[in-house]
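For reference, the structure discussed in these notes is given below.
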Amino acid sequence: MSDIIRLTGSLLFATCLLLASPTLALENANTLQIHVHFNADTDSWLVQYQLPKAVKRVAFARQGGLDRTQHYKLDQSKFTWQQEGSALFIQSANGNKFSTFELSFNSIYHFILKDYTPNVQFSDGSVLLYTNHLTLSERPGGKSTPDFEKTQFYFSSPTTDIVFLGQRYTAKAQWELSGDGTYIYFGNIKAIENNNMIALVDPALPKWVWHSTQTYVPKLFDYYTEKLARPLDVRPTVFLNYINREGDFASYNGGLLDGMVQLSVAGKGWQNKDDDRFNLFFHFLAHEAAHFWNSDLLTLNDNRHAWLHEGSADAFAYFAMLDFELIAQAQWFNLFEDAANHCILNKGRYALQDMQRWQYKNHYACGAVIALASHLHVQANNPALSLFDIWQQLFKHSKNHTYGPEDYFSTLDTLTGETKFANTLRRFVETKGLNNYSEIMTWFNATAIRVMPSSDYSQFYIRHWGKQVVSELMLSHCKQISFNTYDDYIKTYPIDNCKAFEQEMEIHFINGIDLLRSGVAAYQAFKNKCAAGEQVILENRTGRPVARIDCIKQVIAPDPYIKLNPTDVFEN
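Numbers -25 to -1, 1 to 547, taken from mature numbering (1 follows the signal peptide of the UniProt record, and there is no 0), label the letters of the sequence shown in order.
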């Protein structure tokens, strides 16, 4: 425990400053004050708490997977840890009440399952701090949000700037906690910024990624501000760091909190210029950025209808990519085409509003197709309008900054000049047991896009039916599935009490047909074997059989594939 933190002279001096600081005077009767000091030289933190009243013990409001006892250091002559169920408390060693205490820790960079990483590291030593791992609660068992009337943070870092919620401060800053908290930046990276955003980008990022980010990130926020005719209340902040730079891979991840997007790219695969990889990354950023408008400025009043903000965020991102010429029009159509076919294949017999319970990802795919169809119907009535005008009207007429599906349908009625289209969408959203293929086909009637069945399959569709072979076999024999899909094979994992899949397997072929590169043909051959009650042979990369499994259940024919084709009058 002694090597977790070194209290340097500067940290001890900071402690004295905090104790003497007049800011410790309470602002109201129930304000928790948290003073956070960062020492950039040692990459360590000193946190002093001033409670609004004396208590016998206090819990951390956010529990999750962070083991604070392994990272946070207390003065154990005065305080002890107490674990009670999922709640971790701090209590005085002598049992007396207390109203102030402090802890220290080194930056914590490791991944925490289903929670925010406490600290995020940049290559130059800059650091992000997630605020809500430090918040407190009086209540036994803790809660996900603090129960003090207010929590006021005071940040101090003598050698760095402090950046959050679109603002840069020198050495000191303060902030009143709201919502799920945010990340606070401590460092000196020169920002990329304009009136609509500020970005802190890791200087170690490969030059081609850095320059693309410098070009397109400011452009994106300007684009949304103009298209939606609505500036944000707070200038959003984008944090982009580069990690695991020597790893033999390329990946990205991130998330959204109030007023900010935090993104990480990882692996040496980013060293080589790859436009397709950047487009995937940019789409991720553009989707998250869209939520500043369709989730923050406006709040959805019913979470069953997440298709409204998830689908439109995907659509906004696709429009931006096309208008920025990151993709060609044919690629733009392919993105919506994949969404349409994903919706057909995965929505099943449920109503779209029930996807919250079953397959949340359908909110993205089905919602994106709804957004495209809405765009086309609005344009059919008035070529000067677009999807963005629908959202402009939602902003204009929203009550208390909230919206729901009926607001959307009513706006469509107004901008299309008729009610039929909105009614077809309402049926798809609310009604179970529909034929998804037929429903989506009707959305594009009388628009500038012609929709038709096709055998010109996308890679998504081909791979889907290859995976369905393994899924159907597992479900029929084991009543569950357990496999991962890789570029050119499927890896299955043992399932207890299921002889057909009692061993781990890597499957490339079924009866000599490539499972993922020729997935539709593989599924059709599998279907024929099942109709005849025959065995199927699963084979590895070399074509050697790894399993012979009886097909004990009839399977359905593949759903038709739909193709989106522009007519001569199409304009995006």
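Built from N, CA and C at the ideal position, the CB exists for glycine as well.
Does the Cβ of residue i have 16 or more other Cβ atoms within 10 Å, making it buried, or fewer, making it exposed?
{"i": "R37", "result": "buried"}
{"i": "I9", "result": "buried"}
{"i": "H186", "result": "exposed"}
{"i": "residue 582", "result": "Limits of the chain in this structure are -25 at one end and 547 at the other, which puts residue 582 out of reach."}
{"i": "Y468", "result": "exposed"}
{"i": "E514", "result": "buried"}
{"i": "A29", "result": "exposed"}
{"i": "I537", "result": "buried"}
{"i": "N228", "result": "exposed"}
{"i": "Q328", "result": "buried"}
{"i": "M330", "result": "buried"}
{"i": "K502", "result": "buried"}
{"i": "R(-20)", "result": "Residue confidence for R(-20) is low, a pLDDT of 29 falling below 50, so the modelled location carries little weight and cannot support an answer."}
{"i": "M480", "result": "buried"}
{"i": "T394", "result": "exposed"}
{"i": "Q45", "result": "exposed"}
{"i": "R324", "result": "exposed"}
{"i": "M427", "result": "exposed"}
{"i": "S61", "result": "exposed"}
{"i": "Q23", "result": "buried"}
{"i": "P193", "result": "buried"}
{"i": "P211", "result": "buried"}
{"i": "S119", "result": "For S119, the predicted model reports a pLDDT of 47, less than 50, meaning its position is unreliable and no value from the coordinates is stated."}
{"i": "N278", "result": "exposed"}
{"i": "A532", "result": "exposed"}
{"i": "H372", "result": "exposed"}
{"i": "E263", "result": "buried"}
I think residue i touches residue j, with their Cβ atoms under 8 Å apart; what is that distance to the nearest whole Å?
{"i": "Y129", "j": "Q142", "result": "Not quite, the Cβ-Cβ distance comes to about 15 Å (not below 8 Å), so this is no contact."}
{"i": "S79", "j": "L21", "result": "5 Å"}
{"i": "L369", "j": "D382", "result": "6 Å"}
{"i": "Q66", "j": "Q57", "result": "5 Å"}
{"i": "H108", "j": "L26", "result": "Contact flag wrong, Cβ pair sits at about 18 Å."}
{"i": "L103", "j": "Q237", "result": "7 Å"}
{"i": "G234", "j": "L140", "result": "4 Å"}
{"i": "A475", "j": "L448", "result": "7 Å"}
{"i": "I470", "j": "S457", "result": "6 Å"}
{"i": "I319", "j": "D462", "result": "With a Cβ gap of about 25 Å, I319 and D462 do not count as contacting."}
{"i": "F13", "j": "S132", "result": "4 Å"}
Name the DSSP beta bridge partners of residue i, please?
{"i": "residue 554", "result": "Missing from the structure shown is residue 554; the chain here goes from -25 to 547 and no further."}
{"i": "R143", "result": "V138"}
{"i": "P211", "result": "DSSP lists no partner for P211."}
{"i": "I488", "result": "I485"}
{"i": "residue 600", "result": "One cannot answer for residue 600 here, as it falls past the ends of the chain, which runs -25 to 547."}
{"i": "P541", "result": "I424"}
{"i": "K466", "result": "N459 and E481"}
{"i": "S226", "result": "A241"}
{"i": "D525", "result": "Q510"}
{"i": "V33", "result": "I65"}
Apart from the five residues on each side of it in sequence, which residues of its chain come closer than 8 Å, Cβ to Cβ, to residue i?
{"i": "I137", "result": "F130, R143, Y144, T145, A146, K147, A148, I159, Y160 and F161"}
{"i": "I488", "result": "A496, A497 and A500"}
{"i": "L362", "result": "S287, A290, F291, F294, A346, L347, S349, H350 and V353"}
{"i": "K72", "result": "A29, V30 and K31"}
{"i": "S429", "result": "Y536, I537 and K538"}
{"i": "T391", "result": "H352, V353, A355, N356 and A397"}
{"i": "L360", "result": "V353, Q354 and L390"}
{"i": "H266", "result": "L231, H284 and A288"}
Please return the same chain residues whose Cβ sits closer than 7 Å to the Cβ of residue i, not counting the five positions on each side in sequence.
{"i": "C473", "result": "H452 and C453"}
{"i": "Q334", "result": "N321"}
{"i": "Y217", "result": "S98, D177, A179, L180 and V240"}
{"i": "N276", "result": "T377, Y378 and G379"}
{"i": "T134", "result": "A15"}
{"i": "A506", "result": "Q529"}
{"i": "A225", "result": "G242, G244, W245 and R252"}
{"i": "V421", "result": "As written in the sequence, residue 421 is Ala, which differs from the Val given in the question. Result list for A421: A355, in chain order."}
Sorted by chain position, which residues of the same chain lie with C-beta nearer than 6 Å to residue i's C-beta, five sequence neighbours on each side aside?
{"i": "S540", "result": "Inspection of the sequence shows that residue 540 is occupied by Asn rather than by Ser. These residues qualify, in order along the chain: R425."}
{"i": "E124", "result": "N5"}
{"i": "P(-4)", "result": "In this prediction, P(-4) has a pLDDT of 36, which is less than 50 and means its spatial position is unreliable; what the coordinates show is noted afterwards. Hits under 6 Å: none found."}
{"i": "L156", "result": "With the sequence shown as reference, residue 156 is identified as Gly, and Leu is not the correct amino acid for it. For G156, where only same-chain residues beyond five positions count, the Cβ hits under 6 Å are T106 and N107."}
{"i": "Q510", "result": "R523 and D525"}
{"i": "Y198", "result": "A295"}
Could you tell me if the beta carbon of residue i falls within a distance shorter than 6 Å of some heavy atom in the ligand NAD?
{"i": "F76", "result": "With respect to small molecules bound, the structure shown includes none, and the ligand NAD cannot be examined in it."}
Validate contact between the stretch 235 to 251 and the stretch 288 to 299 using beta carbons, cut 8 Å, 3 pairs: no
Contact between the stretch 435 to 450 and the stretch 488 to 507 (3+ Cβ pairs under 8 Å): yes
Three CB pairs or more closer than 8 Å across the stretch 338 to 345 and the stretch 312 to 329: yes
At least 3 beta-carbon pairs within less than 8 Å: the stretch 262 to 282 vs the stretch 199 to 211: yes
At least 3 beta-carbon pairs within less than 8 Å: the stretch 392 to 405 vs the stretch 297 to 313: no
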